[in-house]
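Read left to right, the sequence shown gives residues 1 to 133 (the UniProt record's numbering). In this text, a Cβ means the ideal position worked out from N, Cα and C, and glycines have one as well. See below for the structure under consideration.
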Amino acid sequence: MVFSDAAIQFSLTIKILFKPTLCQTSGMVTSPLKLAGPDWPVPDFSTLCRRQKTLADQVPSRHADGPLNLLVASTGINDGKWQARKHNVQGRRQRRKVHLAMAPATSDIRAVEFTPSRDGDNPALPYLLGQIP
Numbered sequence: 001m002v003f004s005d006a007a008i009q010f011s012l013t014i015k016i017l018f019k020p021t022l023c024q025t026s027g028m029v030t031s032p033l034k035l036a037g038p039d040w041p042v043p044d045f046s047t048l049c050r051r052q053k054t055l056a057d058q059v060p061s062r063h064a065d066g067p068l069n070l071l072v073a074s075t076g077i078n079d080g081k082w083q084a085r086k087h088n089v090q091g092r093r094q095r096r097k098v099h100l101a102m103a104p105a106t107s108d109i110r111a112v113e114f115t116p117s118r119d120g121d122n123p124a125l126p127y128l129l130g131q132i133p
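Now the structure itself:
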């Protein structure tokens with residue numbers, strides 16, 4: 001089935017606003033149409049994936065005007081308990097830290113860096129900033 005550019009743009013705009021996967025985007029567009037009554041077809045996720053490459057310049061992206069503000073935070077992660085239970089292994093577990101740089105205006109994660117648990121935010125900051133174009 002052939003869909004108009006407007007139908008693809010509408011679906012991709014929903015994807016940009018609510019950040020679901022392409023499959024979920026199709027469902028989010030289908031549900032209100034069923035409630036409204038018209039029996040219009042909705043582009044499936046494979047059609048959206050294929051057509052978003054040609055419409056990328058026409059679909060607006062979320063970006064803030066002005067300078068880029070970043071929030072930098074880190075948290076410890078440890079998969080050791082689950083992994084030890086699954087593989088029946090006893091041993092030393094290591095914790096790691098994940099450092100995130102987020103743009104508060106758009107809620108986008110702009111950079112990610114993993115370090116050993118002993119590292120703080122300051123040593124990771126240059127690596128985070130190096131990932132942002």
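Classify residue i as buried or exposed, calling it buried when 16 or more other Cβ atoms lie within 10 Å of its own Cβ.
i	result
isoleucine 8	buried
lysine 53	exposed
proline 43	buried
serine 26	buried
leucine 128	buried
alanine 124	buried
leucine 33	exposed
leucine 48	buried
Helix, strand or coil, according to DSSP, for residue i in the structure here?
i	result
phenylalanine 45	helix
asparagine 88	coil
valine 29	helix
glycine 120	coil
lysine 15	helix
phenylalanine 3	coil
isoleucine 8	helix
glutamine 131	coil
Let me check one thing: in DSSP terms, what residues is residue i bridge-paired to?
i	result
methionine 102	Leu71, Ile109
lysine 97	Gly76, Thr115
Practice prompt. Assess, as a yes-or-no matter, whether the stretch 93-111 is touched by the stretch 65-80 under the definition of 3 or more beta carbon pairs within less than 8 Å.
Written response: Pairwise C-beta distances place the stretch 65-80 in contact with the stretch 93-111, as three or more of them are shorter than 8 Å.
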